[in-house]
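Colleague: Pasting a structure below so you can have a look.
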Amino acid sequence: MRSGDSINIQLTNNTNINVEFNVPELSRDNAGQTAPGQKNYRWNTQKVGAFAYHDQGTQPLGLFDAIVVDDLSGKVQSFVDGDGTITFVQHVHQLDKEFVIFMVDSTFWRTKVGSKGAHRPL
């Protein structure tokens, strides 16, 4: 997605307890408990970057991932090349894909973000 886009996330809670959905760097207004059933979270993106979302539970493998918001102009700051060189990029279309990586305990969780914005767990 790009800066200025509207985000609409529909959380379906199939458990019998309340769960929380929180994207602290994007919006504190939408954080809160979701009772069993469905709840919509909606806001406009103004900040650029990768923003982790999570629940407030104590389980290390609870709800988590990231929302990636690109600059409206398509500009990307930089990335680290295969040899460790920091490479500056003029436009997001120069990238084939982006990755979001999480480390929980000793386990890595990865998501590939394709050039059309689709997220796919790896």
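Count the sequence shown with this note's numbering and you get residues 241 to 362, in order.
We treat Cβ as the ideally placed atom computed from N, Cα and C, and that holds for glycine.
Could you check which residue in Q296, D295, A290 and T327 has the C-alpha nearest to that of D310?
Modeller: The shortest C-alpha separation from D310 is found at A290.
Colleague: Using the beta-carbon count (16 or more within 10 Å), is T252 buried or exposed?
Modeller: When all chains shown are included, T252 counts as exposed.
Colleague: Kindly list the residues whose CB is nearer than 7 Å to the CB of R363, restricted to its own chain and excluding five residues on each side of it in sequence; keep chain order.
Modeller: A query on residue 363 cannot be resolved here, the shown segment of the chain reaching from 241 to 362 and no further.
Colleague: Name the two residues that bound the continuous beta strand (DSSP E) containing G277.
Modeller: Segment G277 to N284, the beta strand (DSSP E) holding G277.
Colleague: Just how far apart, CA to CA, sit V308 and I341?
Modeller: Using only the alpha carbons, I get a separation of about 12 Å.
Colleague: Per DSSP, which one or two residues make a beta bridge with E260?
Modeller: Paired residues: Q273.
Colleague: For K287, tell me which candidate among P264, Q296, Q273 and P276 has the shortest Cα-Cα distance.
Modeller: It is P264.
Colleague: Can you give the Cα-Cα distance for M241 and D305, rounded to whole angstroms?
Modeller: Cα to Cα, the separation comes out at about 15 Å.
Colleague: Between the Cα of T274 and those of S313, F261 and G302, spot the shortest distance and give me the residue it belongs to.
Modeller: Comparing Cα positions, the closest option is F261.
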